[in-house]
Amino acid sequence: MSREGQKLDCAAGAGGVGIGVLSLDLLGQVLDRLREPRDRKACRVVSRAFERAEAAHRRALRVLRRERLPRLLRAFPALERLDLSACASLDDASLAAAVAGAGGGLAGLRRVCLARASGVGWRGLEALVAACPRLEAVDLSHCVGAGDREVAAVAAAAGLRDLRLDKCLAVTDMGLAKVAVGCPRLEKLSVKWCREISDIGIDLLAKKCPELRSLNISYLKVGNESLRSISTLEKLEELAMVGCSCIDDEGLELLSKGSDSLQSVDVSRCDHVTYQGLASLIDGRKFLQKLHAADCLHEIGQCFLSKLSTLKETLTVLKLDGLGVSDSLLQAFGEGCNNLVEIGLSKCSGVTDEGISSLLARCSDLKTINLTCCNLITNNALNSIADNCKMLECLLLESCSLINEKGIKQIATCCPNLKEIDLTDCGVNDAALEYLAKCSELRILKLGLCSSISDKGIAFISSNCGKLVELDLYRCNSFTDDGLAALANGCKKIKLLNLCYCNKITDSGLGHLGSLEELTNLELRCLVRITCIGISSIAIGCKSLIELDLKRCYSVDDASLGALARNALNLRQLTISYCQVTGLGLCHLLSSLRCLQDIKMVHLSWVSIEGFEMALRAACGRLKKLKMLTGLKTVLSPELLQMLQACGCRIRWVNKPLVYKDC
Numbered sequence: 004m005s006r007e008g009q010k011l012d013c014a015a016g017a018g019g020v021g022i023g024v025l026s027l028d029l030l031g032q033v034l035d036r037l038r039e040p041r042d043r044k045a046c047r048v049v050s051r052a053f054e055r056a057e058a059a060h061r062r063a064l065r066v067l068r069r070e071r072l073p074r075l076l077r078a079f080p081a082l083e084r085l086d087l088s089a090c091a092s093l094d095d096a097s098l099a100a101a102v103a104g105a106g107g108g109l110a111g112l113r114r115v116c117l118a119r120a121s122g123v124g125w126r127g128l129e130a131l132v133a134a135c136p137r138l139e140a141v142d143l144s145h146c147v148g149a150g151d152r153e154v155a156a157v158a159a160a161a162g163l164r165d166l167r168l169d170k171c172l173a174v175t176d177m178g179l180a181k182v183a184v185g186c187p188r189l190e191k192l193s194v195k196w197c198r199e200i201s202d203i204g205i206d207l208l209a210k211k212c213p214e215l216r217s218l219n220i221s222y223l224k225v226g227n228e229s230l231r232s233i234s235t236l237e238k239l240e241e242l243a244m245v246g247c248s249c250i251d252d253e254g255l256e257l258l259s260k261g262s263d264s265l266q267s268v269d270v271s272r273c274d275h276v277t278y279q280g281l282a283s284l285i286d287g288r289k290f291l292q293k294l295h296a297a298d299c300l301h302e303i304g305q306c307f308l309s310k311l312s313t314l315k316e317t318l319t320v321l322k323l324d325g326l327g328v329s330d331s332l333l334q335a336f337g338e339g340c341n342n343l344v345e346i347g348l349s350k351c352s353g354v355t356d357e358g359i360s361s362l363l364a365r366c367s368d369l370k371t372i373n374l375t376c377c378n379l380i381t382n383n384a385l386n387s388i389a390d391n392c393k394m395l396e397c398l399l400l401e402s403c404s405l406i407n408e409k410g411i412k413q414i415a416t417c418c419p420n421l422k423e424i425d426l427t428d429c430g431v432n433d434a435a436l437e438y439l440a441k442c443s444e445l446r447i448l449k450l451g452l453c454s455s456i457s458d459k460g461i462a463f464i465s466s467n468c469g470k471l472v473e474l475d476l477y478r479c480n481s482f483t484d485d486g487l488a489a490l491a492n493g494c495k496k497i498k499l500l501n502l503c504y505c506n507k508i509t510d511s512g513l514g515h516l517g518s519l520e521e522l523t524n525l526e527l528r529c530l531v532r533i534t535c536i537g538i539s540s541i542a543i544g545c546k547s548l549i550e551l552d553l554k555r556c557y558s559v560d561d562a563s564l565g566a567l568a569r570n571a572l573n574l575r576q577l578t579i580s581y582c583q584v585t586g587l588g589l590c591h592l593l594s595s596l597r598c599l600q601d602i603k604m605v606h607l608s609w610v611s612i613e614g615f616e617m618a619l620r621a622a623c624g625r626l627k628k629l630k631m632l633t634g635l636k637t638v639l640s641p642e643l644l645q646m647l648q649a650c651g652c653r654i655r656w657v658n659k660p661l662v663y664k665d666c
């Protein structure tokens with residue numbers, strides 16, 4: 004519990020007299036200032052005044068378990084934002100019943116997230132929309148079974164302004180037409196990967212929704228005619244068309260004839276777009292701030308550079324990943340775009356120290372620099388970054404193998420605001436981490452494949468980087484339990500931790516991890532020395548854990564699964580492939596974890612066909628993703644597989660040989 008929470012807990016625990024006389028509004032403002040959910044929970048538990056205040060004041064709610072939804076909706080009548088994306092086994096009947104039970108308590112609801120809620124169909128959506136007259140935003144992304152009827156149910160919310168339909172694979176032009184006609188005030192729409200939508204649907208959308216400000220049509224099979232229609236949207240500010248392979252320079256020229264309102268354009272992975280098309284698009288764009296053209300351009304011509312220079316005052320983000328560049332070209336970028344705050348040069352061939360120096364001489368405001376796989380750069384490039392980019396926050400250097408601790412020292416000394424650095428496969432050592440430890444604002448540190456990193460280096464980081472939330476130590480083979488002890492002691496806010504193939508870690512090290520209450524994602528692949536003792540420590544201590552990877556942890560057994568079943572109640576994603584578990588342990592696990600939605604279980608050699616059948620039936624209705632061996636497809640009952648798929652579960656069948664790796 005935080006210091007603020009402890010103070011309030013003491014005050015409330017002393018009879019609650021002083022707190023009880025405060026108004027609900029004041030108590031609500033106090034709760035708003037508590038950043039930690041466990042602090043708010045502690046206040047609710049010890050003081051009914053706080054409980055009443057939260058009921059009247061709470062505006063946002065995230066529900067993990069379907070059975071709690073009706074009670075929670077009744078308890079918090081002032082909700083404005085509701086997240087049901089992690090609510091396992093949510094379906095039409097349960098959603099409609101919960102909405103009906105809330106009475107008029109949802110009248111103020113404005114935003115609903117149903118991402119990946121594949122069990123919800125048009126009936127549940129109709130009930131939700133009818134109960135929420137002020138609904139403005141709905142997220143149905145990755146509901147792969149959602150089609151035109153579901154979209155039509157959402158379109159009944161006439162006040163809708165924000166709609167996400169990413170990967171709703173069954174949505175066609177008909178569904179988009181329902182949205183266009185029913186939601187004329189729509190401002191933001193994403194239909195990424197809705198590949199049944201054509202130019203016809205986009206044309207009607209452009210005619211009926213003139214208020215659109217943000218549109219994502221990435222990976223659609225639309226062509227240039229869609230860009231002609233989109234060009235009529237006078238208020239459009241953001242347009243993403245990643246991977247639209249039917250769009251070419253002619254389409255960009257059509258788009259350029261539209262309104263000058265565009266501020267952000269993303270044509271990444273558009274194979275038929277060239278620099279000439281981009282030049283025509285940005286010509287005369289007075290307000291363009293972000294240009295993403297990753298993995299689509301093979302060369303840059305002078306006409307593009309001259310047009311780009313006209314954006315000198317406005318352009319802040321430029322991503323050209325995968326482009327072949329030269330020193331002179333990078334110099335031209337620097338001269339023409341000297342207000343950049345982010346540049347992406349990932350996998351750009353030809354990036355050298357001299358080119359980076361020329362670029363940064365004019366771009367001193369850069370906060371994010373991506374040089375992933377620019378394997379020609381050395382410490383000299385890092386020196387240029389340190390000298391010119393004092394406000395740097397994010398530096399990505401994966402596979403830049405020619406840099407070492409000397410360059411890192413310059414970055415750490417001159418860039419005190421650094422929040423993220425990726426040194427994967429850079430070969431840096433403990434000395435580099437000693438310098439990096441000066442960056443007390445560091446949040447994300449990636450050190451995968453840096454085999455020279457040891458406990459000593461992580462101890463340096465732990466001593467001064469208490470704000471760290473993500474650490475990647477993939478295949479850092481010198482890292483041991485002592486390093487985990489230092490990490491757990493100094494970095495209490497860690498949420499994501501990758502320890503895959505750190506094969507010196509034992510149960511003792513996992514015991515230290517048990518103190519990380521905020522840990523949500525933990526990868527332990529191929530840690531052959533851990534057993535049920537270490538797994539129990541994690542399950543008991545890491546109450547926030549939602550994703551766990553135990554692939555090839557050969558000593559993980561039924562006792563380990565039992566510990567998870569009893570204690571890891573919020574777990575949503577689990578990998579146990581190649582583990583030595585039986586059907587009994589698997590059945591206990593899947594029947595106990597009510598939030599589990601995604602499980603990978605390849606080569607569970609000790610589990611019988613009957614064991615798989617019982618376990619899957621116990622979890623049917625909750626599972627959304629499942630990964631198993633292809634051989635099981637013919638021996639599991641067709642009725643079970645049909646039932647899983649009917650509940651929205653996507654099964655990935657793989658054909659892998661049984662190989663036990665020496666980790």
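The numbers in this note's numbering rise by one with no breaks, and the one at position 357 of the sequence shown is 360.
Backbone N, C-alpha and C fix where the C-beta goes; we use that ideal spot for every residue, glycine too.
Keep in mind it's a predicted model, so treat the numbers as computed, not measured.
For residue i and residue j, what's the separation of their Cα atoms in angstroms?
| i | j | result |
| --- | --- | --- |
| Gly124 | Gly358 | 54 Å |
| Leu218 | Asp485 | 50 Å |
| Asp286 | Gly304 | 14 Å |
| Arg231 | Leu257 | 5 Å |
| Lys315 | Glu345 | 14 Å |
| Gly517 | Lys546 | 9 Å |
| Asn386 | Gln413 | 6 Å |
| Leu445 | Ser267 | 29 Å |
| Ala440 | Ile447 | 12 Å |
| Phe169 | Leu499 | Looking at the sequence shown, residue 169 is not Phe but Asp. Rounded to the nearest angstrom, the two C-alpha atoms are 25 Å apart. |
| Leu318 | Leu242 | 15 Å |
| Ala140 | Leu291 | 26 Å |
| Lys211 | Leu163 | 14 Å |
DSSP puts residue i in a beta bridge; with which residues?
| i | result |
| --- | --- |
| Arg114 | Arg84, Ala140 |
| Ile447 | Glu423, Glu473 |
| Lys293 | Ser267, Val320 |
| Ser457 | Ser481 |
| His145 | According to DSSP, His145 bridges with nothing at all. |
| Asn219 | Ser193, Ala243 |
| Asn3 | Examination of residue 3 is not possible in this model, given that the chain is present from 4 through 666 alone. |
| Val24 | BP columns for Val24 are empty, so no partner. |
| Glu57 | None; Glu57 has no bridge partner. |
| Thr175 | Glu199 |
Could you have a look at residue i and say whether DSSP puts it in helix, strand or coil?
| i | result |
| --- | --- |
| Arg167 | strand |
| Glu129 | helix |
| Gly501 | The question names Gly, but residue 501 in the sequence shown is Asn. In this structure, Asn501 counts as strand in the three-state DSSP scheme. |
| Val182 | helix |
| Gly19 | Note that Gly19 scores 45 on pLDDT, short of 50, meaning its location in the model is unreliable and no value can be drawn from it. |
| Cys366 | coil |
| Arg68 | strand |
| Gly651 | coil |
| Cys397 | strand |
| Thr523 | coil |
| Gly410 | helix |
| Val225 | coil |
| His275 | strand |
| Gly104 | helix |
| Ala282 | helix |
| Val328 | coil |
Skipping 5 residues on each side, what residues in its chain have a beta carbon closer than 7 Å to that of residue i?
| i | result |
| --- | --- |
| Asn382 | Ile406, Asn407, Lys409, Gly410 |
| Arg69 | Cys90, Ala91, Ser92, Leu93, Ser97 |
| Tyr278 | Leu300, Glu302, Ile303, Gly304, Phe307 |
| Gly18 | For Gly18, the pLDDT reaches just 46, beneath the cut-off of 50, and the residue's location in the model is therefore unreliable, leaving the point undetermined. |
| Ala15 | Reliability fails at Ala15, whose pLDDT of 49 lies under 50, so the model's placement of it is uncertain and the value that follows must be treated cautiously. The residues are Ile22, Cys46, Val49, Ser50, Phe53. |
Please work out which residues of its chain come closer than 6 Å, Cβ to Cβ, to residue i, disregarding the five sequence neighbours upstream and downstream, and give them in chain order.
| i | result |
| --- | --- |
| Gly104 | Pro73 |
| Ile538 | Ser563, Ala566 |
| Lys260 | Ser234 |
Identify, in the order they occur along the chain, each residue of the same chain with its Cβ nearer than 8 Å to the Cβ of residue i, setting aside the five sequence neighbours on each side.
| i | result |
| --- | --- |
| Glu520 | Arg41, Lys495, Gly544, Cys545, Lys546, Ser547 |
Quiz item: Which parts of the segment 567 to 637 are runs of the alpha helix (DSSP H), unbroken and 4 residues or longer, counting only runs that do not cross its ends?
Solution: 586 to 595, 612 to 622
Exercise. Quick one: which unbroken beta strand (DSSP E) runs of 3-plus residues sit fully inside the segment 241 to 272? Chain order, please.
Key: The qualifying runs are 241 to 243, 267 to 269.
Self-check item: Whole beta strand (DSSP E) elements within the segment 332 to 363, 3-residue minimum
Solution: 345 to 347
Quiz item: Residue ranges of each beta strand (DSSP E) run of no fewer than 3 residues wholly in the segment 519 to 564, ordered along the chain?
Solution: 524 to 526, 550 to 552
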